[in-house]
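Each residue of the sequence shown is one higher than the last, beginning at 77 in the working numbering. Each residue gets a CB set at the ideal place from its N, CA and C atoms; glycine is no exception. Beneath this line is the structure, given in structure tokens, with notes to follow.
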Amino acid sequence: MSYTALYRKFRPDTFADVKGQDAIVTTLKNQIRANRIGHAYLFTGTRGTGKTTVAKIFARTVNCENPTENGPCGVCKSCQAIAKGASMNVIEIDAASNNGVDNIREIVDEVSYSPAEGKYKVYIIDEVHMLSIGAFNALLKTLEEPPSYVIFILATTEVHKLPITILSRCQRYDFKRISIDTITDRMKELVAAEVVQVEDRALRYIAKAADGSMRDALSLLDQCIAFHLGKELTYDNVLDVLGAVDTEVFSRLLRFVLKRDVLGCISLLEEIVMQGRELVQFVTDFTWYLRNLMLVKSSDDLEDVIDMSTDNLARLKEEAELIETDRIIRYIRIFSELSGQIRYAAQKRILVEIALIKLCKPAMETSQEALLDRIRDVEDKLEKGVVVTEKSATSIEPQNAAQTAQAAPTGSRMPLPAELTAAGADALAAVPEDIRKIVAQWPGIINKAGNPMKFYLQSARLSLGGDNKLMVVLEDGIASDYFGTDERHAENKKLLERLLSDFVGKEVEVTIQSVKTKQEFAQNYVDLSQVIHMEIEEEDDLPEEQF
Numbered sequence: 077m078s079y080t081a082l083y084r085k086f087r088p089d090t091f092a093d094v095k096g097q098d099a100i101v102t103t104l105k106n107q108i109r110a111n112r113i114g115h116a117y118l119f120t121g122t123r124g125t126g127k128t129t130v131a132k133i134f135a136r137t138v139n140c141e142n143p144t145e146n147g148p149c150g151v152c153k154s155c156q157a158i159a160k161g162a163s164m165n166v167i168e169i170d171a172a173s174n175n176g177v178d179n180i181r182e183i184v185d186e187v188s189y190s191p192a193e194g195k196y197k198v199y200i201i202d203e204v205h206m207l208s209i210g211a212f213n214a215l216l217k218t219l220e221e222p223p224s225y226v227i228f229i230l231a232t233t234e235v236h237k238l239p240i241t242i243l244s245r246c247q248r249y250d251f252k253r254i255s256i257d258t259i260t261d262r263m264k265e266l267v268a269a270e271v272v273q274v275e276d277r278a279l280r281y282i283a284k285a286a287d288g289s290m291r292d293a294l295s296l297l298d299q300c301i302a303f304h305l306g307k308e309l310t311y312d313n314v315l316d317v318l319g320a321v322d323t324e325v326f327s328r329l330l331r332f333v334l335k336r337d338v339l340g341c342i343s344l345l346e347e348i349v350m351q352g353r354e355l356v357q358f359v360t361d362f363t364w365y366l367r368n369l370m371l372v373k374s375s376d377d378l379e380d381v382i383d384m385s386t387d388n389l390a391r392l393k394e395e396a397e398l399i400e401t402d403r404i405i406r407y408i409r410i411f412s413e414l415s416g417q418i419r420y421a422a423q424k425r426i427l428v429e430i431a432l433i434k435l436c437k438p439a440m441e442t443s444q445e446a447l448l449d450r451i452r453d454v455e456d457k458l459e460k461g462v463v464v465t466e467k468s469a470t471s472i473e474p475q476n477a478a479q480t481a482q483a484a485p486t487g488s489r490m491p492l493p494a495e496l497t498a499a500g501a502d503a504l505a506a507v508p509e510d511i512r513k514i515v516a517q518w519p520g521i522i523n524k525a526g527n528p529m530k531f532y533l534q535s536a537r538l539s540l541g542g543d544n545k546l547m548v549v550l551e552d553g554i555a556s557d558y559f560g561t562d563e564r565h566a567e568n569k570k571l572l573e574r575l576l577s578d579f580v581g582k583e584v585e586v587t588i589q590s591v592k593t594k595q596e597f598a599q600n601y602v603d604l605s606q607v608i609h610m611e612i613e614e615e616d617d618l619p620e621e622q623f
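This is the structure:
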């Protein structure tokens, strides 16, 4: 006899066996008991949450000769025929492969014939969102006013693709993702029935990996049991089969990142790759690890929210003391962006390596979270981007820079550390006095400009160009085009130069540059506003964050 997959072998036969959809099951049972059965139902939700299963149980129950509290009796002639797929009263249609007008017209023609035996003809149309517009239109009238003996059950994972005319004619039931605890408990019942030894920790990891889908969980369990057939299925075995990484590895990786040890991070990634781990799963799991770290950092009473062992939770609390919340948020953002890119990328490993380098090198970013760490690199950028007469011999101590950064209020413009001010004094002396004055008073100056110039300049960054000219760096697009080189837009640049000249009392030349991203600016230009104390005027319409 051929082997039957677990998700097929243990598919629920009654409402009592359906897990995680209690509200829907109760509603349908009450409708059957009160004989208030609708003519059209829409079951929607993510894959593997029980839509088709509940539809089949419902179809058997309404046709059962002796229905029970929990659904069909399973022994009557009707139940037996439906279970074998031999009943003419329950018709299952896969809309993915039968999505044309002709397919639906066949249904419309069949509807006119009452069932030869039993009470109802039930049409279960799976993946109904795949029907063509013509097919939907052909179904519309029949769906609205079917004969009393016909029930339509439409199932879909993408309800947003259905026409509103279809939605308005159906009773809608949203199947939610099944909880980790519910999936774990169900798998414990099944492995006991199959006489297979499995660690509880292994079952919980499978349940978590299934992402709310009972069918996916049973498929993963089937795969793991087959790989280690005849042996106890341990947590480590599951990690091997699914290509996942133990949380201890995440702890090591975090400590490398906190030490800014790029080589250590890359070496650990090499170790993960050589073990045959799946990088997509690694990115997902590390993001969840960081999420748990953030929650632990935020509160002490999260044992019920964070799904992990007591030992791992204790280690996570220890690591939470080593890292600031804003840094965790930056790490989560980087890996969340990576998870959206890596799934279909050809060079997954390279993308992960870039993300790890970003974690270790905040200078690669211009976000608010990275700004605290970037202050340490300002002096080096000054030396490379500004013509100096003498090279500064002093550097910033990382610890002092970090302390200064932490003292600054969130969302405010960051004052420069005292060490940097002293160390960079010679370099700053190379910046012309008039440009320093313009930078310090920039918000007030642009406030005197008329619109649209004022609007475009609010997002500008100031740097130093060749021959010690003021460089105004704008976001590529409308803002930079406004100060373009053609005759009409060149006049706008002259108006800006006149505004600045009037302010400092001498002629000022301006160089206009454009960048596509914040990162491009950070990598190629010195931000003078970060090294010159700016006297910012209070102005409500000044944007909090520049491009």
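May I have the straight-line CA-CA distance separating S188 from L309, to the nearest angstrom?
Indexing the sequence shown from 1 puts residue 188 at position 112. Indexing the sequence shown from 1 puts residue 309 at position 233. If you take the alpha carbons of S188 and L309, they lie about 54 Å apart.
Using a 10 Å radius around the Cβ and a threshold of 16 neighbouring Cβ atoms, would you call M30 buried or exposed?
Past the boundaries of the shown model lies residue 30; the chain is included only from 77 to 623, so the question cannot be answered.
Does I514 pass the burial test, meaning 16 or more other C-beta atoms within 10 Å, or should it be called exposed?
If you number the sequence shown from 1, residue 514 lands on position 438. Around the beta-carbon of I514, 16 or more other beta-carbon atoms lie within 10 Å, marking it buried.
Using a 10 Å radius around the Cβ and a threshold of 16 neighbouring Cβ atoms, would you call E620 buried or exposed?
In the sequence shown, the residue the question calls residue 620 occupies position 544. Unreliable placement is indicated for E620, whose pLDDT of 43 sits below 50; no coordinate value is reported for it.
Taking just the CA atoms, how far does A566 sit from N368?
Residue mapping note: residue 368 aligns to position 292 of the sequence shown, counting from 1. Residue mapping note: residue 566 aligns to position 490 of the sequence shown, counting from 1. If you take the alpha carbons of N368 and A566, they lie about 54 Å apart.
Kindly identify the DSSP beta-bridge partner or partners of K524.
The count along the sequence shown starts at 1 and reaches residue 524 at position 448. DSSP output for K524 lists no bridge partner at all.
Curious, which full-length alpha helix (DSSP H) runs of at least 4 residues does the segment 301-357 contain?
311-318, 323-334, 338-350
Could you give the distance in angstroms between the alpha-carbon of A269 and the alpha-carbon of D276?
Working through the sequence shown from its first residue, we reach residue 269 at position 193. Working through the sequence shown from its first residue, we reach residue 276 at position 200. Going from the Cα of A269 to the Cα of D276 covers about 15 Å.
Which value, in whole angstroms, describes the spacing of the CA atoms of T102 and E324?
Counting from one through the sequence shown, the residue named residue 102 turns up at place 26. Counting from one through the sequence shown, the residue named residue 324 turns up at place 248. Approximately 43 Å between the Cα atoms of the pair.
Assuming the contact rule is C-beta atoms closer than 8 Å, I342 and L366 should be a hit. Round their C-beta distance to whole Å, please.
Within the sequence shown, residue 342 is the residue found at index 266, counting from 1. Within the sequence shown, residue 366 is the residue found at index 290, counting from 1. I342 to L366, Cβ: 19 Å. No contact.
Residue(s) in a DSSP beta bridge with V198:
Here residue 198 refers to the residue found at position 122 of the sequence shown. Answer is V166, I227.
Rounded to the nearest angstrom, what separates T128 and H236 at their Cα positions?
Here residue 128 refers to the residue found at position 52 of the sequence shown. Here residue 236 refers to the residue found at position 160 of the sequence shown. The straight-line gap from Cα to Cα measures roughly 19 Å.
So for T587, helix, strand or coil by DSSP?
Counting from 1 along the sequence shown, the entry for residue 587 is found at position 511. DSSP places T587 in strand when its eight states are reduced to three.
Completely contained beta strand (DSSP E) runs for the segment 94-138, where each covers 3 or more residues:
116-121
Within 8 Å, do at least three Cβ pairs link the segment 134-148 to the segment 256-270?
no
Around the Cβ of E615, are there at least 16 other Cβ atoms within 10 angstroms (buried) or fewer (exposed)?
Taking the first residue of the sequence shown as position 1, residue 615 is located at position 539. Unreliable positioning characterises E615 in this predicted model, as indicated by a pLDDT of 40, which lies under 50. The coordinate reading is nonetheless provided below. Label assigned to E615: exposed.
Which term fits K132, buried or exposed, when burial requires 16 or more other beta carbons within 10 angstroms of its beta carbon?
Stepping through the sequence shown from its first residue, residue 132 is reached at position 56. Classification for K132: buried.
Residues in its own chain within less than 8 Å of P239 by CB, not counting five upstream and five downstream?
To locate residue 239, count along the sequence shown from 1; it is residue 163. The answer, listed in chain order, is I209, F212.
For D552 and I430, the rounded distance between their alpha carbons
Walking along the sequence shown from the start, residue 430 turns up at place 354. Walking along the sequence shown from the start, residue 552 turns up at place 476. Computed Cα separation, rounded: 25 Å.
Please classify E346 as buried or exposed, where buried requires at least 16 neighbouring CB atoms within 10 angstroms.
In the sequence shown, residue 346 corresponds to position 270, counting from 1. By the neighbour-count rule (16 or more Cβ atoms within 10 Å), E346 is not buried but exposed.
Given Q107, which residues of its chain have a CB within under 6 Å of its CB, disregarding the five upstream and five downstream residues?
Counting from one through the sequence shown, the residue named residue 107 turns up at place 31. Excluding its 5 nearest sequence neighbours in each direction, Q107 has C-beta neighbours in its own chain below 6 Å: I113, listed in chain order.
Mind reading off the beta-carbon distance from L315 to F332? Whole number of angstroms is fine, and I expect it under 8 Å.
For the purposes of this step, residue 315 is taken as the residue at position 239 of the sequence shown. For the purposes of this step, residue 332 is taken as the residue at position 256 of the sequence shown. Going by Cβ atoms, the distance from L315 to F332 rounds to 20 Å, so no, they are not a contact pair.
Taking 8 Å as the threshold (C-beta atoms), are N142 and G194 in contact?
The residue given as residue 194 occupies position 118 in the sequence shown. The residue given as residue 142 occupies position 66 in the sequence shown. Not a contact, by the Cβ cut-off of 8 Å.
Every unbroken beta strand (DSSP E) within the segment 525-576, with a cutoff of 3 residues, ordered by chain
537-540, 546-551
Tell me, please, which residues DSSP counts as bridged to V274.
What you label residue 274 is simply residue 198 of the sequence shown in a count that begins at 1. DSSP output for V274 lists L309 as bridge partner(s).
Could you tell me which residues DSSP pairs with D287 in its beta bridges?
The sequence position of residue 287 within the sequence shown is 211, counting from 1. Looking at the DSSP assignment, D287 forms no beta bridge with any residue, so it has no partner.
Over what stretch of residues does the beta strand (DSSP E) that includes F251 continue unbroken?
Numbered from 1 along the sequence shown, position 175 holds the residue referred to as residue 251. That run of the beta strand (DSSP E) goes 247-251.
Does the Cβ of Q534 have 16 or more other Cβ atoms within 10 Å, making it buried, or fewer, making it exposed?
Taking the sequence shown and counting its residues from 1, the one referred to as residue 534 is at position 458. Per the 10 Å Cβ criterion, buried.
Does T360 come out as helix, strand or coil in the three-state DSSP assignment?
Counting from one through the sequence shown, the residue named residue 360 turns up at place 284. Reduced to three states, the DSSP call for T360 is helix.
Mind checking whether F232 and V198 have CB atoms under 8 Å apart?
Taking the sequence shown and counting its residues from 1, the one referred to as residue 232 is at position 156. Taking the sequence shown and counting its residues from 1, the one referred to as residue 198 is at position 122. Looking at the sequence itself, residue 232 is Thr, so the reference to Phe does not match. Taking 8 Å as the Cβ cut-off, T232 and V198 do not qualify as a contacting pair.
Can you tell me which of the three DSSP states T144 falls into?
Stepping through the sequence shown from its first residue, residue 144 is reached at position 68. Three-state DSSP puts T144 in a strand.
Given the structure, does A525 come close to the ligand SAM, in the sense that its CB is under 7 Å from one of the ligand's heavy atoms?
In the structure shown, the ligand SAM is absent, as is every other ligand, since no ligand is present at all.
Please go through the same chain and pick out, in chain order, the residues whose beta-carbon is closer than 6 Å to the beta-carbon of R248, but skip the five residues on each side of it.
Indexing the sequence shown from 1 puts residue 248 at position 172. Cβ within range, chain order: L118.
Along the chain, where does the alpha helix (DSSP H) containing T218 start, and where does it finish?
As a first step, residue 218 is located in the sequence shown; it is residue number 142 there, counting from the start. From DSSP, the alpha helix (DSSP H) with T218 extends over 209-220.
Own chain residues within Cβ distance below 8 Å of E354, not counting five before or after:
Here residue 354 corresponds to residue number 278 of the sequence shown, with the count starting at 1. Here the set comprises L318, G319, A320.
As assigned by DSSP and simplified to three states, the class of T90
Counting from one through the sequence shown, the residue named residue 90 turns up at place 14. DSSP places T90 in coil when its eight states are reduced to three.
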